[in-house]
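Chemist: Please find one structure pasted underneath; my questions will follow.
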């Protein structure tokens, strides 16, 4: 009997967890009345009614963590149940409950088993319906960007461990017992529906590391920082891409590195960064110029030609376009992988090595692959 109240309490507990995730949001009262069927020793199957009340948000921003949230529920215990408890000498009733509930929505389908505690209840002196209260505390939860949209909090069944005690606080002849309660069919099991919106964090910095593969053989390591800003209500973003200097080595004749070309590589952004973040997908577009510094042609590792100037630069900006790969997702809390392809325009100002540089570097279908992580 008390177990039912606990069960009702559990859904509130789960819904409250969602509420906490909203952070500073406007909460609305949530009330529900549900019917269960519980199987007890001696008296066997008994109906239980539970009243649940809580304050829950209608709108929650992704990326906000919940704190502990207290939940209360009351269950009406039948006169028949009172009679069975009294028959075995029960003076007070306590116990615990494992309640089943679930959170379902875009990109989330989370079954939960949460522990609840029944408040010690002294049985009334006379037979009749009585009320048992239960309480619990939610865990901390957080919705991600991929969960934007409606999220339903559903109520499920429960398993109770009930502890009837006599006047001396000793177990009754019945002992502690386990009881299973089933939600009666034909009821709406959705306790509350929330809407998860985009993060309120409109500015965020991400570190990234990865590489570009040029002409299917030349590896260009990439590291840097992506600073993004976006409107709280929209998916479009702006910001700044900062690429650290890197290095490149091109094997022209690979046998014992007979002939190679190497250089330090620097980048300068051209124009503004653009992109989007929506439903777990991110796109980034940025034009950059690429400069080859300290360009050297080597034979067996010894320089035979060198260009120390800063003019060996792409004649046109490199149009970089990255996006979340199919089957993966981007999250503002954990980051994610971005990939893309681009064309490397012809270089100019490389002196006698200009033709050689363009032969081995310039052209289409170069790949990008970077992993982004939020800066602490």
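Numbering (the working numbering), first residue to last: 1129 to 1504. For every residue, glycine included, the Cβ atom is placed at its ideal position computed from N, Cα and C.
If the criterion is Cβ atoms closer than 7 Å, does the pair residue 1448 and residue 1470 meet it?
Modeler: Yes. Within cutoff.
Chemist: Per the DSSP calculation, residue 1219 is bridged to which residue(s)?
Modeler: In DSSP, residue 1219 forms no bridge with anything.
Chemist: In the DSSP assignment, find the unbroken beta strand (DSSP E) run with residue 1336 in it and report its ends.
Modeler: Start and end: 1331 to 1342.
Chemist: What number of angstroms, rounded off, separates the C-alpha of residue 1499 from the C-alpha of residue 1333?
Modeler: Looking at the two C-alpha atoms, the distance is approximately 13 Å.
Chemist: Considering only the beta carbon of each residue, do residue 1392 and residue 1435 sit closer than 7 Å?
Modeler: Not closer than 7 Å, so no.
Chemist: What are the boundary residues of the beta strand (DSSP E) that includes residue 1497?
Modeler: Residue 1497 -> beta strand (DSSP E) spans 1491 to 1502.
Chemist: I'd like the ranges of any beta strand (DSSP E) spanning at least 3 consecutive residues and lying wholly in the segment 1205 to 1269.
Modeler: Within the segment 1205 to 1269, the complete beta strand (DSSP E) runs of at least 3 residues are 1220 to 1233, 1236 to 1250 and 1258 to 1265.
Chemist: Counting pairs of beta carbons, one from the segment 1314 to 1327 and one from the segment 1248 to 1259, are three or more of them closer than 8 Å?
Modeler: No contact exists between the segment 1314 to 1327 and the segment 1248 to 1259.
Chemist: Rounded to the nearest angstrom, what separates residue 1495 and residue 1451 at their Cα positions?
Modeler: Each residue's Cα considered, the two are about 12 Å apart.
Chemist: Report buried or exposed for residue 1211, applying the criterion of at least 16 other Cβ atoms within 10 angstroms of its Cβ.
Modeler: That one is exposed.
Chemist: If you run the structure through DSSP and keep just helix, strand and coil, what is residue 1479?
Modeler: Reduced to three states, the DSSP call for residue 1479 is helix.
Chemist: In whole angstroms, give me the CA-to-CA distance for residue 1439 and residue 1340.
Modeler: Approximately 22 Å, taken between the alpha carbons.
Chemist: By Cβ distance below 6 Å, which residues in the same chain neighbour residue 1346 in space, the five residues on each side in sequence not counted?
Modeler: If we look at residue 1346 and ignore the five residues flanking it on each side, its Cβ neighbours are 1378.
Chemist: Taking the beta strand (DSSP E) that residue 1395 belongs to, which residues open and close that run?
Modeler: Segment 1387 to 1406, the beta strand (DSSP E) holding residue 1395.
Chemist: Around the Cβ of residue 1357, are there at least 16 other Cβ atoms within 10 angstroms (buried) or fewer (exposed)?
Modeler: Exposed: under 16 other Cβ atoms inside 10 Å.
Chemist: Cβ of residue 1218 within 7 Å of Cβ of residue 1251?
Modeler: Yes, these two residues count as a Cβ contact at 7 Å.
Chemist: Measuring only the C-alpha atoms, how far is residue 1478 from residue 1352?
Modeler: Cα-Cα distance, rounded: 26 Å.
Chemist: With distances taken Cα to Cα, identify the nearest neighbour of residue 1389 among 1375, 1176, 1395 and 1402.
Modeler: Closest by alpha carbon: 1375.
Chemist: For residue 1271, name the three-state secondary structure that DSSP assigns.
Modeler: Note: residue 1271 maps to coil in three-state DSSP.
Chemist: Look at residue 1264 and residue 1199 and say whether their C-beta atoms are less than 7 Å apart.
Modeler: Yes. Within cutoff.
Chemist: What are the boundary residues of the beta strand (DSSP E) that residue 1447 is part of?
Modeler: Residue 1447 -> beta strand (DSSP E) spans 1446 to 1451.
Chemist: If contacts are defined as beta-carbon pairs under 8 Å, then residue 1476 and residue 1443 qualify, I think. What distance do you get, rounded to the angstrom?
Modeler: Yes, residue 1476 and residue 1443 are in contact; Cβ-Cβ is about 5 Å, under 8 Å.
Chemist: Give me whichever residues DSSP pairs with residue 1420 in a beta bridge.
Modeler: In DSSP, residue 1420 forms a bridge with 1393.
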